[in-house]
Each structure stands twice: as C-alpha cells, then as structure tokens.
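Under the working numbering, the first residue of the sequence shown is numbered 1060, with each subsequent residue one higher. Glycine included, every Cβ here is placed at the ideal spot set by N, Cα and C. Okay, so here's the structure we're looking at.
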Amino acid sequence: MSIKQIVAIVIVATLGLTLGGWALSTLFASPSTNAPVSNSTVQHTNPNWTFPSETWPNTPLPDFRPVVSKVMPAVVSVTTESVTSDFLGRQYTESHAGSGIIIDDRGYIATNSHVVEDAQNIYAELADGRTFPADIVGLDPLSDLAVIKVDTLDLPYAYWGASDSLSLGEWVLAIGNALGEGITATEGIVSRLNVSVNVAGNTLYGLVQTTAAINPGNSGGPLVNMSGEVTGITSVKIVSSAVEGIGYAIGSSEAGPIIEDLIRYGRVTYPWLGIGASTVTPSLAASERLSVDRGALIVELVAESPAEAAGLRTGDVIIRFRDDEINDVADLVRAIRASEIAEDVEIVFVRGGDTRTTSAELIERPSS
C-alpha cells in the first residue's frame, strides 16, 4: 500500500470520528440556553405567574325537603281503567298509571289529557292513602291538558306559579307516580324555556325542558320550583338509548288559562286564522328564495278561512301579528292564542320583496 493510500484512509477515518462525535454530542447535549426564542414567546411569558388565588363563594346545596313536604300532599296517583279486546275479540280491563296535582280545596285536579282521555273509570289516590273515583271536567288534546274532579272537600292543594319567571339553571322538582309505584320526587334544573315539541303530529308549545328524571306514570304531575309553586305539568320525555335527562313539562303560564277554561266551560276555544306554516330559517330562505330569514312561511291556506278573506297566500311570510314580532311558528301560535275570537287583528307579511299589511277577523277554531 502506498503512502498516499495510507494518508487517505487516515483522513477518512478521522473525519468519520469527528462527524460521529458531533452527531452524538448533538443527540445527547442539553438544550442550548442560547437557542433563539420568538418575539411573541418572549412577549407573553411571565416567570412569576401562578394560578389566581380567588375562589368562588361556597354555595350551599339546596335542601329539597321543605319543598317535598309542602307539595307532596297535593300530588295524586291517577289510575285509569279502560275496556279493550284481544285478537280473539275477548274483552278485558286494562289499567294505566298517571299523576295529577290538586289545584284547589274543592277537588279539582290538573293532569294530562293523554292520561285520562280514553278511560272508562278514573281513580285518584291521595298521599294519605284515600282513594276517590274521579270525573272528567274537561279535556284539551291540543295542549295535552285535562281537569278531573273528586267529590270531597278540604283537600290540600298546590299553589300555581308562573313558568315565565323561571331561569335557566334553576332547581326544580318533578313529583309524580313514577312507574305506578307511588309518589316520588326527582330533582333537576331548568335546561331550556319556551320549547316546542311535536308529539304524534301535534305540537306542544311553551314547554319547560328539565333534567329532572321523568318516567312513565309521572305524566300529569307537577314540576315545582324551590318555593313549592307549580311551574309546569309534566307531559313528555324523549326516549332513546342515546338520550338522557331530557323531559318536558307544559309551562304553568301556558297551562293556566287553559285549565281555567276547562273548569269554567268544560272545553277550550281557540282563535283560528286558517293556515299551515313553517318556521323561516336561513336555509329555508335560501332554498325558497325568500327575501327575509325569519317569520312564519304560509305553506297551506284553508279555503274560506280568515286568512283567505284577508288576502293572504301560500308563500307569504308573516313577520308581525298584532303587536308581536313573529320570528317562528311558535311566536305566531302564541300570538293567535293570545287573541280573542272575533277580534280584528293586523298582520304584517312579506310577499316577494314587498312588505304589506292586512287585517283578519279571527274565528273559533273548528273542532275538526
């Protein structure tokens, strides 16, 4: 081997050792204190930072015992009996459980329409164990409310409150005959207000959504606030394997006038305009090429109705009814129900790109 070859091998070996040592030193070296730091990092760092020392005030947990002891004597277990037939035509008596709330000392009890509407016999069991036969005073399937009555006096009753005064996050109790096993109480909070829910083709309005556990048999029982006032009548819950803690009560502010009409007249009369409508959303406005993104779009117009007489057409969007702004169908329903039969109401609507005004004389809602 020549001298030149030996020198070349030594140079390569030396270079390899040098590079390998550099690689190892780079791999295991501590981070350089002289590493460049971005201006934004330097600007926002604070070597003296600690978590804030302020603490939330110690809020005591609610005590539900006074509410339960105040309201539970006025809650009744409702048992209904109806005669039905099996597939061979043999008749038998079927029983169902529900709940109710005594609303005065003369035996009037508020409950749900679906609890008692098909019953041949109705029984109300009080918290003290006494059981009385009950008669239907009035039913309103449209609102899912009913009033029944027992023939006895000096009953304990619950005080009627106002769901309009409820706040999100407020504690409430649902009391009722859960699973037909007797009166129980469950706690929760108010999750949403003024909710609309479609139930078997009928839309219920003015509902209070709550996390209080609602089970079969609770229907017709009260939803009460921490003062023991009735703020709703338990009506419906969403049942799904993927859903928990979503139950609804008909708000007491919505239910109060209906219950009064049922007691006074045995039925409820509603003003009627004679349209079918859909809530206008931005997506609906885009698909239908509407010039507004709120209101109630008329999708059906009943012949010879107050709406037709007022010159309204399908495709019109109602944005004001009397003095009420209309943002959706629920707003329109509430505004109509707050009106009087034979009242002449002013309606502001949008047709194409024009805003127009008309008036309609409301009539009583047809029974059909």
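Between the region 1330–1340 and the region 1362–1369, do three or more beta carbon pairs fall short of 8 Å? yes
When DSSP labels each residue in this structure, what does Ser1364 get in the three-state scheme? coil
To the nearest angstrom, how far is the alpha carbon of Gly1291 from that of Asp1390? Distance from the CA of Gly1291 to the CA of Asp1390, rounded to the nearest whole angstrom, comes to 20 Å.
Can you tell me where the beta strand (DSSP E) with Val1267 in it begins and where it stops? Asn1261 to Thr1269
Beta-carbon separation of Thr1245 and Leu1232 under 8 Å? yes
Gly1306 vs Ala1271 beta-carbon contact at 8 Å: yes
Classify Leu1147: buried if its beta carbon has 16 or more other beta carbons within 10 angstroms, exposed otherwise. exposed
Suppose the cutoff is 8 Å on Cβ atoms and the five residues either side in sequence are ignored; what does the same chain contact list for Ile1322 look like? Here Ile1322 has Tyr1167, Val1196, Gly1197 and Val1206 as same chain residues with Cβ atoms under 8 Å from its own Cβ, once five neighbours each way along the sequence are excluded.
Should Ser1312 be labelled buried (16 or more other beta-carbon atoms within 10 Å of its own) or exposed? In this structure Ser1312 is buried. Its beta-carbon is surrounded by 16 or more other beta-carbon atoms within 10 angstroms.
Going by CA-CA distance only, name the one from Asn1171, Asn1277 and Leu1266 that's closest to Ile1309. Leu1266
Out of curiosity, what's the CA-to-CA distance linking Phe1191 and Ala1183? 5 Å
CA nearest to the CA of Phe1380, picked from Gly1370, Val1404, Thr1373 and Val1358: With distances taken between Cα atoms, Phe1380 lies closest to Val1404.
Which residues bound the alpha helix (DSSP H) around Asp1194? Element bounds for Asp1194: not the alpha helix (DSSP H) but the beta strand (DSSP E), Thr1190 to Asp1199.
Are there 16 or more other CB atoms within 10 angstroms of the CB of Gln1102, so buried, or fewer, so exposed? exposed
Taking the Cβ atom as the reference point for each residue, do Ala1156 and Gly1239 lie within a distance shorter than 8 Å? yes
Three-way DSSP call (helix, strand, coil) for Leu1147 in this model: coil
Let me know the secondary structure DSSP gives Ser1350 once reduced to three states. coil
For Ser1312, report the span of its alpha helix (DSSP H) as first-last. Where Ser1312 is concerned, the enclosing alpha helix (DSSP H) stretches over Ser1311 to Tyr1324.
Outcome for Asn1236 when other beta-carbon atoms lying within 10 angstroms are tallied against a minimum of 16: buried
Opposing strand residues paired with Trp1115 [DSSP bridges]: Answer is none; Trp1115 lacks a bridge partner.
Where Ile1273 sits in the DSSP three-state scheme: Judged by DSSP in its simplified three-state form, Ile1273 adopts coil rather than helix or strand.
Distance between Thr1170 and Ala1401 (C-alpha atoms, nearest Å): Their backbone Cα atoms lie some 30 Å apart in a straight line.
Between Asp1164, Gly1287, Trp1219 and Leu1263, which lies nearest to Asp1122 when the distance is taken from Cα to Cα? Gly1287
Could you check where the beta strand (DSSP E) with Asp1413 kicks off and where it finishes? Asp1413 to Glu1420
Measure the alpha-carbon distance for Asn1386 versus Ala1355 and round it to whole angstroms. 7 Å
Less than 6 Å between C-beta atoms, sequence neighbours within five positions excluded: which residues of the same chain meet that for Glu1176? Closer than 6 Å at the Cβ level, and outside the excluded window around Glu1176, lie Leu1198.
How many angstroms separate the CA atom of Thr1152 from the CA atom of Glu1140? Their backbone Cα atoms lie some 6 Å apart in a straight line.
Taking the beta carbon of Val1258 as the centre, do at least 16 other beta carbons fall within 10 Å, making it buried, or is it exposed? Sixteen is the threshold: since fewer than 16 other Cβ atoms of the shown chains lie within 10 Å of the Cβ of Val1258, the residue is exposed.
In this structure, what does DSSP give as the bridge partners for Glu1399? According to DSSP, which records beta bridges pairwise, Glu1399 is partnered with nothing at all.
What would DSSP say about Pro1425, mapped onto helix, strand or coil? Pro1425: coil per DSSP, three-state reduction.
For Pro1125, report the span of its alpha helix (DSSP H) as first-last. Taken as a continuous stretch (DSSP letters only), the alpha helix (DSSP H) holding Pro1125 covers Arg1124 to Val1130.
Which same chain residues end up closer than 7 Å to Gly1370 when comparing Cβ atoms and leaving out the 5 residues on each side of it in sequence? Thr1417
DSSP three-state label for Gly1280, please. coil
Can you list, in chain order, the residues of its chain with a C-beta nearer than 6 Å to that of Arg1353? Leave out the 5 residues immediately preceding and following it. These residues qualify, in order along the chain: Val1339 and Asn1386.
Assuming the contact rule is C-beta atoms closer than 8 Å, Ser1250 and Val1174 should be a hit. Round their C-beta distance to whole Å, please. Contact doesn't hold; Cβ gap of about 24 Å is too wide.
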